[in-house]
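The numbering of the sequence shown is numbering that gives the first Met the number 0, which starts it at 0 and goes up by one. Right, one structure below, let's go through it.
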Amino acid sequence: MLGSSRYVLSVQELVKDSKSAIPARYVHKDLEPVVSSSVKSLRVPVLDMNTLLDADSITGT
């Protein structure tokens, strides 16, 4: 697959499209979660998709 590229939507484009579902290519149900007790400071940010899709939360009204 060398030399090919895939169009990837930005978060802003996903919000503009008002889709409430995560695109299937980003969901990997077959992968086991990785849990490591050796790195306690490792934090993965969680995005609240409902907030991203809510226009009122963006404008502050």
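Cβ coordinates follow ideal geometry from the N, Cα and C atoms, glycine included. Treat the numbers as computed from the prediction; the structure is a model and nothing was measured.
Could you compute how far the alpha carbon of residue i sits from the alpha carbon of residue j?
i	j	result
Leu30	Asp53	30 Å
Val43	Pro32	12 Å
Under the assumption that residue i contacts residue j (Cβ atoms under 8 Å), give the Cβ distance between them as a whole number of angstroms.
i	j	result
Val14	Leu51	5 Å
Leaving out the 5 sequence neighbours to the left and right, which residues in its chain are closer than 6 Å to residue i when beta-carbon positions are compared?
i	result
Leu46	none
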